[in-house]
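Enquirer: Sharing a structure with you now.
Residue numbers (this note's numbering): 433 to 505.
Laid out in structure tokens, this is it:
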């Protein structure tokens with residue numbers, strides 16, 4: 433089985449859904465674009481942790497270079 437995401441003009445939605453139903457195709461809602469964008473952004477806790485790391489909170493000194501920081505672990 434294959435999953436396709438297609439854009440249908442508003443005036444043709446009913447026709448396309450009816451045709452696909454007759455062909456035995458199952459129709460599911462695609463995820464909203466805004467939801468997909470949000471998954472790429474860090475959540476509040478992660479953002480706060482990153483901010484604290486840049487300020488040196490909880491560390492001996494602020495993180496200036498991520499590679500050096502990782503090596504120090």
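Ideal Cβ placement from N, Cα and C applies to all residues, glycine included.
The structure presented is a predicted model; accordingly, all values stated were derived computationally and were not measured.
1) Within the continuous alpha helix (DSSP H) that includes residue 481, where are the two ends?
2) Distance check for residue 503 and residue 438, CA to CA, integer angstroms please.
3) If you reduce the DSSP assignment to three classes, tell me which class residue 473 lands in.
4) Note down the Cα distance separating residue 494 from residue 475, rounded to an integer number of angstroms.
5) May I ask you to report which of helix, strand or coil DSSP gives residue 450?
Expert: In brief:
1) Position 49 of the chain shown, counted from the first residue, corresponds to residue 481. Looking at the DSSP string, the run of the alpha helix (DSSP H) that includes residue 481 is 476-487.
2) In the chain shown, counting from the first residue as 1, residue 438 sits at position 6. In the chain shown, counting from the first residue as 1, residue 503 sits at position 71. Cα to Cα, residue 438 sits roughly 46 Å from residue 503.
3) The count along the chain shown starts at 1 and reaches residue 473 at position 41. Coil, per DSSP.
4) Within the chain shown, numbered from 1, the residue matching residue 494 stands at position 62. Within the chain shown, numbered from 1, the residue matching residue 475 stands at position 43. Distance between the alpha carbons of residue 494 and residue 475: 21 Å.
5) The residue given as residue 450 occupies position 18 in the chain shown. In this structure, residue 450 counts as helix in the three-state DSSP scheme.
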